[in-house]
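Data block below; observations after.
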Amino acid sequence: MSIRGITYRLIPGTKARARQLTCLAGACRWIWNEMLDLQNETYELSQMYHCQCPNPTFFTLGKVFTQIRKHTPWLQDLSFPVVRYTLKHQADAWAQYFKGVRGRPKFKGKRGDDSFTIPEQVKLRSNHVHIPKIGWLVVRGNNPYPQGKPIKATVRQCGRKWFCSVIYEVDLPEPVDNGLAVGLDRNVGQVATSTGDIIPLPDTKSLETRKKHYQRMVSRRQKGSNRRKRANQLWARTARRLANQRKDWCHQISRVLAQSASEIIIEDLNTQSMTKSAKGTIENPGKNVKQKSGLNREILRSGWGILENFLGYKAHTVTRVPAAYTSQKCSQCGHIAKENRKTQSKFECVRCGHIGNADINAALNILASGTGASGRGKTNDLLVISWSVNT
């Protein structure tokens, strides 16, 4: 069995239904903050007296929630499983903190996107979804898994719109192993393949300009005013459109790659480390901070992590190879030198004289590294892939 997710547009239908959704999401936010406040007190006391803080679990937090709900009448009017499941997210957040994976859980503000999760007995029929203690609401969107079993749903408000993301358990055939492999070099603004293709990101200049315009509009308007709230909604809508365009592009690229080759070979990139700030400290200030900040933004816009995640479940095999020297190594003779990279796009080997596109050359090196080839330019003729991507 495989797990797949589909996001639908949720239509409340009436203002009363929209208020009910907001109320349910607000209750989840309130119980998160209440339980986090209690847990923070426990944690700070344990630090004060140098004793180990008990790791909160969904079970222990749920017992406290049951007592709070008994003495909070308005909580009793809302769905018990939905509100309680918020504590599952908080228990997971604390577990990640104690493992050193993430920072401490934070309080949730009212200005953030409202959301809640339906953890069990998700009911779908035709183009409707059932929200516990609210009723059946219309959803828009196609379901490619009509035989799938819905196991969980998350309802989220983004700007003025509501969305419902449903997780399905589906029985899908395993990706076919056709014996083909392709190397993929991810760059700022484009990806290059070992087959000689360069696929640029979609042009988002107009949306980027509009997003900056709305950001300036928000900063000029008075905090707490309705006009500032409206400007924030416009900014959020534009940011969501940008994110959706990049996500759609990653879906198209990953689909074509997964259908064309059974093994996708990529560089093992640590995006989090690559996008760290260069500001440094007061004692050791950083250099070229502005340039590094711009590079960080471009890396994050390129969606390297999203593309890798999509390939992870679409492709038969994803192989990660070390990224060192892939851009400086000649794919024909294997010579490594910084001087080989003449410009951002031009590669010219100082030993054998091979000239080509620098990104495609890097993709060939990635392919050779992942398949155990010698890196001397001998590639399989079967690796020629026919591309059809809407950009």
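All letters in the sequence shown, in the order written, are residues 60 to 450 by our numbering.
Backbone N, C-alpha and C fix where the C-beta goes; we use that ideal spot for every residue, glycine too.
Note that the structure is a prediction, hence the values are computed from the model and not measured.
Since Q79 and I177 are thought to touch, with beta carbons under 8 Å apart, how far apart are those beta carbons, to the nearest angstrom?
That pair is no contact at about 14 Å.
Taking only runs of the alpha helix (DSSP H) that begin and end inside the stretch 345 to 405, which ones reach a length of at least 4 residues, in chain order?
348 to 360 and 363 to 373
Label A417 either buried or exposed according to how many other C-beta atoms from any shown protein chain fall within 10 Å of its C-beta, with 16 as the threshold for buried.
buried
I'd like to know whether the C-beta atoms of N424 and S390 end up nearer to each other than 7 Å.
yes
For a quick check, are the C-beta atoms of G242 and L426 less than 7 Å apart?
yes
Residues of its chain near R245, where Cβ-Cβ distance is below 6 Å and the 5 sequence neighbours each way are ignored:
W363
Which ranges would you report for the beta strand (DSSP E) in the stretch 193 to 235 if only whole runs of at least 3 residues count?
194 to 199, 208 to 217 and 220 to 229
What number of angstroms, rounded off, separates the C-alpha of M94 from the C-alpha of F124?
8 Å
Report yes if the CB atom of T376 is closer than 7 Å to the CB atom of E322, and no otherwise.
yes
Return the first residue and the last residue of the beta strand (DSSP E) that G242 is part of.
A240 to N246
Confirm, please, whether the CB-CB distance from G207 to I419 is below 7 Å.
no
Neighbourhood of Q155 by C-beta, 7 Å cutoff - its chain only, sequence neighbours within 5 removed:
R161
Measuring alpha carbon to alpha carbon, tell me which residue in R287, Y108 and S138 is nearest L83.
S138
Which residues in the same chain as L266 place their Cβ atom closer than 8 Å to its Cβ, once the five residues preceding and following it in sequence are excluded?
T297, R300, L301 and Q304
Whole angstroms are fine: how far does the CA of R219 sit from the CA of K147?
27 Å
When burial is assigned at 16 or more other CB atoms within 10 Å of the CB, is Q180 buried or exposed?
exposed
Nonlocal neighbours in the same chain, by C-beta distance under 6 Å from K182, ignoring five residues either side:
H189
Could you tell me the boundaries of the alpha helix (DSSP H) in which T145 lies?
F139 to F157
With burial defined as no fewer than 16 other Cβ atoms inside 10 Å of the residue's Cβ, what is the status of E103: buried or exposed?
exposed
Other residues of its chain near W221: CB distance less than 8 Å, five sequence neighbours each side excluded:
R68, L69, I70, P71, A77, L80, V214 and R215
For A317, the nearest candidate out of S428, N237, Y144 and R410 (CA to CA)
N237
Taking a contact to mean a Cβ-Cβ separation below 7 Å, would you say A320 touches L239 in this structure?
yes
Between which two residues does the alpha helix (DSSP H) harbouring S321 extend?
Where S321 is concerned, there is no enclosing alpha helix (DSSP H), given that its DSSP letter is neither H nor E.
Is A240 near the ligand ZN, going by C-beta to nearest heavy atom under 6 Å?
In the structure shown, the ligand ZN is absent, as is every other ligand, since no ligand is present at all.
In angstroms, rounded to a whole number, what distance separates the CA positions of D173 and L231?
33 Å
Alpha carbons only, please: which of A251, P381, H272 and R379 is nearest the one belonging to G415?
A251
Tell me the DSSP secondary structure of R68 in three-state form.
strand
Go through its chain and collect everything with a Cβ distance to E451's Cβ below 7 Å, but skip five positions before and after it.
There is no way to answer for residue 451, as the model of the chain reaches only from 60 to 450.
Would you mind giving the Cβ-Cβ distance between L134 and A86, rounded to the nearest angstrom? I have them listed as a contact below 8 Å.
6 Å
Starting from Q249, follow the beta strand (DSSP E) in both directions and report where the run begins and ends.
Q249 to T252
What residue range is occupied by the uninterrupted alpha helix (DSSP H) comprising P132?
P132 to Q135
Going by beta carbon distance, what residues of the same chain come within less than 6 Å of R128, once the five residues before and after it are set aside?
L134
For E326, the residue or residues it bridges with in DSSP
V380
Considering F166, what are the terminal residues of the beta strand (DSSP E) in which it resides?
No beta strand (DSSP E) holds F166; DSSP gives it neither H nor E.
Any idea if E357 is buried or exposed, counting beta-carbon neighbours within 10 angstroms, 16 or more meaning buried?
exposed
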